[in-house]
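Enquirer: Before anything else, here's the structure in question.
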């Protein structure tokens, strides 16, 4: 879902990605803080996210949004913050 006028993800896609990321982090992230209250730019690794957990988080997001993260997004920085995960999830939908 994109806003064709500017080629960016539409509000509905951003909202869906944001919700999916928060749910995946709540279920699989193993964070020391409540995923619903984590700031978009907070370091998820500092909050307890592990490399093993990133796989489960990614799979949950892919399943919920019916997207596939391309190989170039499978980096540590993609999983570093909620904002980065939302951006990756919406990019995977393009």
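Residue numbers (my numbering): 1 to 94.
For glycine and all other residues, C-beta sits at the position ideal for the given N, C-alpha and C.
Just so you know, these numbers come straight off a predicted model, no measurement behind them.
For residue 68, which three-state DSSP category applies?
Expert: Here residue 68 sits in coil by DSSP.
Enquirer: In terms of residue numbering, what span does the alpha helix (DSSP H) encompassing residue 29 cover?
Expert: Counting along the chain, residue 29 falls outside any alpha helix (DSSP H), and DSSP gives it neither H nor E.
Enquirer: Taking residue 89 as part of the alpha helix (DSSP H), name the residues at either end of that continuous run.
Expert: 82-92 is the span of the alpha helix (DSSP H), which, as asked, contains residue 89.
Enquirer: Are three or more beta carbon pairs between the stretch 70-78 and the stretch 27-39 nearer than 8 Å?
Expert: With the cut-off at 8 Å, the stretch 70-78 and the stretch 27-39 do not touch.
Enquirer: Shortest alpha-carbon distance to residue 63 belongs to which of 43, 48, 21, 81?
Expert: It is 21 whose Cα lies nearest to the Cα of residue 63.
Enquirer: Between residue 65 and residue 17, which are expected to be in contact by the criterion C-beta below 8 Å, what is the C-beta distance as a whole number of angstroms?
Expert: At roughly 7 Å, the Cβ-Cβ gap stays under 8 Å, so residue 65 and residue 17 are in contact.
Enquirer: Residue 90 and residue 43 look like a contact to me (Cβ under 8 Å); what is the Cβ gap, rounded to whole Å?
Expert: With a Cβ gap of about 21 Å, residue 90 and residue 43 do not count as contacting.
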